[in-house]
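Here the working numbering runs 1429 ahead of the position in the sequence shown, where the first position is 1. A virtual CB, placed ideally from N, CA and C, is assigned to each residue, including glycine. Given the structure is predicted, the values throughout are model-derived calculations rather than measurements.
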Amino acid sequence: MGLGEIKYFSSIGSTNDEALAWANKGAPDFSVVISDEQTMGRGRMDRPWFTPAGTALAFSLILRPTTAEKPFLSRFVGLAALSICKPLQTFGLNPQIKWPNDILLSNRKIAGVLIELVWAGDDIKCVVIGIGLNVLKRAVPDTDVLRFPGTSLESALKREVQREEVLRDILGAFVSLRPELGSDDLMNQWGTALAFRGKQVRVEMGAGKTVVGRLEGILSDGSLRVRDDNNKSVTVQFGDVSLRPFTGILINR
Ligand code: BT5
């Protein structure tokens, strides 16, 4: 399955909004909406995603899932995250996936994924996969507006990188991974790339609900498994993971 059509903007509100509208108007499978700048870029739960002009990659893929892919739609976030990791690995970096949708380099966020679905009645018509990646240092917002520390490819590599090159490699990785959507191999790659595995974490699930415990891994539907302090296995479908803050008391002997 190759590329569909491409729409390029020098500035746009959100590529995901444009992709959702285009999906409803019949965009072919694997079409891409890309913009140099976003003025209303979105993360999950309507959090902002910043894309200053000339600094980053911000694009959305429109997929029309096949019948074979439909049972595995919840894995697209992992597939997208792995597609971002591959080119970073080619640069000699060690990216990790902070469940569910963040890509980290040395515990700093370099990229995020936003998945949205277009329904036709009870059926999924399209999956829109939004990807934002900080290429230059100037892409990273000031720390006071971030929930988590950010970084860029330029900071990690100590040199500038052509955005086109990275885009091509992410799309190439996506194309080669896509046939693996239903495979155990994809899940193994996803699990291997998972940040904080075996570590004590805190997962905020919204509405004030929190799980704390050891991050064990991901299940085949992409949900997270955490072993809580009562040694109970908890499955989390939705949430934000952070390392559990140290709460023990240090005793000076
Ligand atoms: C995400 O949400 O990380 C998903 C980001 C998806 C962005 C792409 S860009 C193309 C497409 N069009 C869109 O409108 N969106 C997609 P979440 O996990 O909710 O993280 C959001 C949080 O990331 C914000 O609350 C900020 O703290 C932080 N953040 C915002 N911009 C950032 C940046 N450039 N680098 C690092 N962190 C950032």
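Query                                                                                                       : Result
Whole runs of the beta strand (DSSP E) within the region 1453-1479, excluding any shorter than 3 residues   : 1460-1467
Cβ-based burial, residue 1501 [other Cβ within 10 Å; buried from 16]                                        : buried
Residue 1523: CB within 7 Å of a non-hydrogen atom of the ligand BT5                                        : no
Span of the alpha helix (DSSP H) around residue 1528                                                        : Element bounds for residue 1528: n/a, residue is neither H nor E.
Secondary structure of residue 1664, DSSP reduced to three states                                           : strand
8 Å Cβ cutoff met for residue 1433 and residue 1456                                                         : yes
Cβ contact check for the region 1451-1467 and the region 1481-1490: 3 or more pairs under 8 Å               : yes
Cβ separation of residue 1473 and residue 1543, assumed to be a contact under 8 Å, to the nearest whole Å   : 6 Å
Same chain, Cβ closer than 7 Å to residue 1652, five either side skipped, listed in chain order             : 1664, 1665, 1666
Where residue 1655 falls: helix, strand or coil (DSSP)                                                      : strand
Selection from 1467, 1527, 1555 that minimises the alpha carbon distance to residue 1494                    : 1555
Reduced DSSP category for residue 1595 - H, G, I as helix; E, B as strand; rest coil                        : helix
Validate contact between the region 1618-1636 and the region 1537-1551 using beta carbons, cut 8 Å, 3 pairs : no
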